[in-house]
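This report refers to the structure that appears directly beneath it.
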Amino acid sequence: SKKRDLVGYTDGEWLSYIKDQPAEERKMPPAMSAQYLDEGHTSMRLADFVAHPTAVAAGLSQANVLALRLYTSGVQLAINQPLREGCSSNKAHPYPALVVQLCDAILKLRRAAFRDKQASSRKASLSSRTSSLASLDDTAPAGVAWRGVADL
Numbered sequence: 001s002k003k004r005d006l007v008g009y010t011d012g013e014w015l016s017y018i019k020d021q022p023a024e025e026r027k028m029p030p031a032m033s034a035q036y037l038d039e040g041h042t043s044m045r046l047a048d049f050v051a052h053p054t055a056v057a058a059g060l061s062q063a064n065v066l067a068l069r070l071y072t073s074g075v076q077l078a079i080n081q082p083l084r085e086g087c088s089s090n091k092a093h094p095y096p097a098l099v100v101q102l103c104d105a106i107l108k109l110r111r112a113a114f115r116d117k118q119a120s121s122r123k124a125s126l127s128s129r130t131s132s133l134a135s136l137d138d139t140a141p142a143g144v145a146w147r148g149v150a151d152l
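Using UniProt numbering, read the sequence shown as starting at 1 and increasing by one per residue.
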């Protein structure tokens, strides 16, 4: 889109910034949801975001990361509006490949978060069981956990 957003960028300028330039932290206009652009990411390039541990753990491709970065920029308006209005063969989305990459990235991130949650849950459960066994009386045979026994 040739239309400028609140930051003053067109979609093409956002693409150029995200794809080709190092990130730079700067104050955003009051109407934007974030106070600062790329806060804490100064000098990071697209390859650095792709190499981020979260992206690696989720198996995100460069196209996935690019789509996510574009979605968190002013381009999100051009992505969301056609989806809200509805797309059809007569009224195609302006960035269909971007939407596909974005959906794929979100799915990969959700799967990774689910795996992390499962692993944390298993670890907590194992830690709890180990702690319970360790607190047993030294006279109890090793590996025996007394459960539901009263008045011995």
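Beta carbons are placed, not taken as given, at the ideal position from N, Cα and C, and that holds for glycine.
Can you list, in chain order, the residues of its chain with a C-beta nearer than 6 Å to that of residue i? Leave out the 5 residues immediately preceding and following it.
i	result
residue 140	Because residue 140 sits at a pLDDT of 49, beneath the cut-off of 50, its placement in the model cannot be relied upon, and the following sentence gives the value as read from the coordinates. So no residue of the chain qualifies.
residue 3	none
residue 9	74
Excluding the 5 residues flanking residue i on each side, which residues of the same chain have their C-beta closer than 8 Å to its C-beta?
i	result
residue 120	none
residue 44	22, 23 and 38
residue 40	25
residue 111	58
Compute the distance between the beta-carbons of residue i and residue j, then report whether it is under 8 Å.
i	j	result
residue 113	residue 95	no
residue 14	residue 75	yes
residue 66	residue 19	yes
residue 123	residue 58	no
residue 71	residue 46	no
Which word fits residue i, buried or exposed, when buried means at least 16 other C-beta atoms lie within 10 angstroms of its C-beta?
i	result
residue 60	buried
residue 81	exposed
residue 69	buried
residue 55	buried
residue 36	exposed
residue 16	exposed
residue 73	buried
So residue i and residue j are in contact, right, with Cβ under 8 Å, and what is the actual spacing, rounded?
i	j	result
residue 64	residue 5	Not a contact, Cβ separation roughly 23 Å.
In its own chain, which residues sit with a C-beta less than 7 Å from the C-beta of residue i, not counting the 5 before and 5 after it?
i	result
residue 42	23, 24 and 25
residue 34	28
residue 49	55, 65 and 69
Does the segment 81 to 96 come close enough to the segment 22 to 32 to have 3 or more Cβ pairs within less than 8 Å? no
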